[in-house]
Structure formats: structure tokens, C-alpha cells
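In UniProt numbering, the protein residues as written are 1 to 108.
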């Protein structure tokens with residue numbers, strides 16, 4: 001099994017890929033990354049054009065894998081991209097092509 005990607009790393013990467021397996025979640029991550037600041041759900045809803053409950057469900061999935069971080073601001077919740085994950089998220093092409101993949105370090 002020495003030729004295979006470590007099982008724990010593969011499991012982590014699979015959870016990341018599942019989290020990004022929806023185009024709306026990819027759009028949300030890109031939007032938050034491009035704006036580089038915490039945003040309310042309302043701001044994200046306006047940008048995405050979907051119902052608040054739908055956006056909240058997508059944000060829940062993204063926060064579970066720590067692509068997106070949430071912080072309480074009074075009674076509201078603001079979301080921002082987790083910059084630490086940018087450095088440890090391997091490209092799918094690198095992993096599939098057998099290039100070295102970064103080892104998850106618990107930050108993501």
C-alpha cells in the first residue's frame with residue numbers, strides 16, 4: 001500500500017471534493033475569497049440569488065470542512081473564506097496525476 005495516497009489524506013481530500021461538488025458552493029467560496037472580508041448571509045443571498053435557507057445549507061457544508069469560517073457578530077453570523085485552506089487544498093489534477101499532494105495539517 002506504499003504506492004497509494006495515505007488513507008486519512010484521501011478521506012480528507014474526498015470530504016473537500018464532496019463539499020465543492022455543487023456549483024453554488026463553488027460560487028460561494030469564490031465570492032467570499034474574492035471579497036476577502038466577512039459577509040452576512042443576506043449579502044451572500046443577494047449575490048447568489050437563492051433563498052436564505054438554501055444558502056445557509058450550503059454554508060453549513062462549507063463550514064464543516066472549514067473552507068468557510070463563521071463568526072458571531074451580535075446576533076448575526078458572518079462568513080469568510082478560510083485563507084489557510086487555500087494553501088493545503090490540492091488540485092485534483094495533481095492528485096490524479098500522482099504528483100505530491102500537500103499533507104493535511106489540521107488547519108483545514
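Even for Gly, the Cβ is constructed at its ideal location relative to N, Cα and C.
Determine the direct distance from the alpha carbon of residue j to that of residue i, and round the result to whole angstroms.
| i | j | result |
| --- | --- | --- |
| residue 32 | residue 98 | 30 Å |
| residue 1 | residue 19 | The pLDDT assigned to residue 1 is 48, lower than 50, so where the model puts this residue is not dependable; a value taken from the coordinates is nonetheless given after this. Cα to Cα, the separation comes out at about 27 Å. |
| residue 95 | residue 34 | 25 Å |
| residue 45 | residue 6 | 38 Å |
| residue 52 | residue 13 | 28 Å |
| residue 82 | residue 24 | 17 Å |
| residue 91 | residue 100 | 10 Å |
| residue 9 | residue 47 | 33 Å |
| residue 11 | residue 50 | 30 Å |
| residue 22 | residue 29 | 11 Å |
| residue 75 | residue 57 | 18 Å |
| residue 43 | residue 85 | 22 Å |
State the beta-bridge partners of residue i as determined by DSSP.
| i | result |
| --- | --- |
| residue 69 | 80 |
| residue 91 | Answer is none; residue 91 lacks a bridge partner. |
| residue 40 | 78 |
Taking C-beta to C-beta, are residue i and residue j nearer than 8 Å?
| i | j | result |
| --- | --- | --- |
| residue 38 | residue 66 | no |
| residue 41 | residue 55 | yes |
| residue 70 | residue 77 | yes |
Applying the criterion that 16 or more other CB atoms from any shown protein chain within 10 Å of the CB defines a buried residue, is residue i buried or exposed?
| i | result |
| --- | --- |
| residue 73 | exposed |
Return no unless some Cβ of chain B is closer than 8 Å to the Cβ of residue i.
| i | result |
| --- | --- |
| residue 24 | Among the protein chains of the structure shown there is no chain B, as only one such chain exists. |
| said: Does the structure place the region 4-20 close enough to the region 55-67 that three or more beta carbon pairs sit under 8 Å? | reply: Note that the region 55-67 touches the region 4-20; at least 3 beta-carbon pairs, one per stretch, sit closer than 8 Å.
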